[in-house]
Amino acid sequence: MSAHQSSRAPFAAVVDEHGPVVMRVVRALLGPADADDAWSETFLAALEAYPRLRPDSNVRGWLVTIAHRKAIDQLRAKARRPLPADELPERGSVDALLDATPLERDPDLWGALEGLPLKQRAAVAYHHLAGMPYAEVGALIDSSESAARRAAADGIANLRKTYGTGARS
Amino acid sequence: MSTHQIVSDLTAANVGLDPSTTARLQARLVADAERAGVLDVGYRTVDSPFGPLLLAATEKGVVRVAFDIEDHDAVLVSLAHEVSPRILAAPGRLDTLARELDEYFAGTRRSFDVPVDLRLAHGFRRTVLDHLRSIAYGTTESYATVAAASGHPNAVRAVGSACSHNPVPLVVPCHRVIRSDGAIGRYLGGTEAKQTLLALEAAA
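Order-wise, the sequence lines are chains A and B. Each residue of the first sequence is one higher than the one before, starting from 623 at the first, in this note's numbering. Each residue of the second sequence is one higher than the one before, starting from 1133 at the first, in this note's numbering.
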């Protein structure tokens, strides 16, 4: 299938092909609780804009760019409003357990990831989870290519310090 | 712990789109898209005596009904080109037609009262389809009769062509057009399907 055809593929095929990558990225950026909203907002915005997407565009890069903006919007909104204390018990609810991915069951990795500065978290997500080249990662996080590479390396180095120091069963 | 191990843990742990999550998020996307008015084409498949049928609808109405032999993926790609690439599986938009088709195949329904969007048919073909909608359940007309009724008595072959390009077979009953000599003629879903439909309507 040519680039032209794939970029004008039925949007349903775009969701099937790229939905999991976008989910990985927004989960890494926001954690599981806010990932669904960011995923939904990303694909709604993408659907709206899809007919105007240039035929030779890299669809995955385009989606990750939209996901980045949606995630930043959410982080900004969150910074403006304090977390209500009564959200805490929900973590142990039955639904959350049923929905739990291995990552959610591993507070070690979540904690480690959420503890990273946003740039490092984003660089790790965009490069390692979405396969984006560092030049494009840099454009998204307002950094040069080499700074993006460094942010990802620092992110991984920090994860190595904070996560998985012991053997995992 | 190696970089590779960390990345592979993140990837494995983050996949997060198991079937139930996927279904929930897709349903939400469809609902959001409908509300925002950006779902140009919704589709679903239904079972039929001839295998799965693809049903697709714009906001104006049913725009496409496709038999299995037409290759549903190819039909969706052509809808992306001819109507809009804003296409999602949206079963709800086609609930009424799905139910009416069930009733029709069970012999308890004689006509479809869903809005139809004939934007994929132009000119004379469109005129022919408009006439076909008036051919009653259980009756047939010849290609020649349809040509005359559509204002071009000599355009018998063009009527055949209009029928074979009918974007919404069953709903617009091109199966009720047969040859003047009584032979059944060709059909999008195959001659056998046409025979089955005419037998179904004759028996009901």
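Backbone N, C-alpha and C fix where the C-beta goes; we use that ideal spot for every residue, glycine too. This one's a predicted model, so the numbers in the text were calculated from it and none came from an experiment.
Rounded to the nearest angstrom, the gap between the Cα atoms of A/Asp776 and A/Pro642 is 25 Å. Classified as buried, A/Ala693 has 16 or more neighbouring CB atoms from the shown chains inside 10 Å of its CB.
Counted as a single uninterrupted DSSP element, the stretch harbouring B/Gly1193 is not any beta strand (DSSP E), since DSSP gives it neither H nor E. Among the residues of chain B, those whose CB is under 8 Å from the CB of A/Tyr672 are Pro1217 and Arg1218, following chain order. Taking 8 Å as the threshold, the shortest C-beta distance from A/Gly653 to chain B does not fall below it. Counting only residues of its own chain and dropping the five nearest sequence neighbours on each side, A/Leu685 has a CB closer than 7 Å to the CB of His640, Val644, Thr664 and Ala668.
Note: A/Pro673 is not bridge-paired with any residue in the DSSP secondary-structure output. Here B/Ala1268 is exposed, its C-beta having fewer than 16 other C-beta atoms within 10 Å. At least one C-beta of chain A is nearer than 8 Å to the C-beta of B/Thr1135.
Looking at the backbone, the Cα of B/Ala1334 and that of B/Gly1270 are separated by about 5 Å. The way I'd put it, the region 1284-1292 of chain B doesn't touch the region 1243-1253 of chain B; fewer than three beta-carbon pairs between them come closer than 8 Å. Judged by beta-carbon spacing, A/Gln742 lies beyond the 8 Å limit of A/Ala701, meaning their Cβ atoms are not closer than that value.
Note on the region 1149-1204 of chain B: whole beta strand (DSSP E) runs with a minimum of 3 residues are 1173-1178, 1185-1189 and 1194-1198, in chain order.
Beta-bridge partners of B/Leu1220 (DSSP): B/Gly1174.
For B/Thr1154, the nearest CB of chain A lies under 8 Å from its own CB, placing it at the interface with that chain.
It is roughly 52 Å from the alpha-carbon of A/Pro654 to the alpha-carbon of B/Thr1328. Using a CB distance below 7 Å, the part of the region 1161-1173 of chain B facing chain A consists of Leu1161, Asp1164, Ala1165, Ala1168 and Val1170, ordered along the chain. Against B/Ile1138, the close residues of chain A are Ile778, Leu781, Arg782, Tyr785 and Gly786, in the order they occur along the chain (beta-carbon pairs closer than 8 Å).
Restricting attention to B/Asp1172, B/Ala1189, B/Glu1191 and B/Ala1188, the CA atom closest to the CA of A/Ala671 is found in B/Asp1172. Residues of chain B with a Cβ closer than 7 Å to the Cβ of A/Asp658 are, in chain order, Leu1157.
Using a Cβ distance threshold of 8 Å, B/Ile1219 and A/Pro632 count as a contacting pair.
The contact set of B/Ala1198 on chain A, defined by CB atoms closer than 8 Å, is empty, because the minimum CB distance reaches about 13 Å. Under the DSSP assignment, B/Gly1292 falls in the alpha helix (DSSP H) whose first and last residues are Val1288 to Ser1296.
Under the three-state reduction of DSSP, B/Val1304 is assigned to coil, being neither helix nor strand.
When the beta-carbon positions are compared, A/Arg630 and A/Pro677 come within less than 8 Å of each other. A contact is defined here as three or more CB-CB pairs under 8 Å, and the region 1201-1212 of chain B fails this definition with respect to the region 1222-1242 of chain B.
DSSP links B/Ile1310 through a beta bridge to B/Ser1274. Membership of B/Tyr1269 in any alpha helix (DSSP H) is not indicated, and neither H nor E is assigned to it by DSSP. At a cut-off of 8 Å, the C-beta of B/His1213 has a neighbouring C-beta in chain A. Distance check between A/Gly683 and each of A/Ile763, A/Asp764, A/Glu758 and A/Trp661 places A/Glu758 closest, using alpha-carbon atoms only.
Nearest in C-alpha terms to A/Leu675, of all of A/Leu731, A/Val636 and A/Leu697, is A/Val636. Just so you know, the alpha carbons of A/Gly753 and A/Ala699 end up roughly 28 Å apart. Here B/Val1248 carries a strand assignment [DSSP, helix/strand/coil]. Taken in chain order, the complete alpha helix (DSSP H) segments of 4 residues or longer contained in the region 738-782 of chain A are 740-745 and 756-762.
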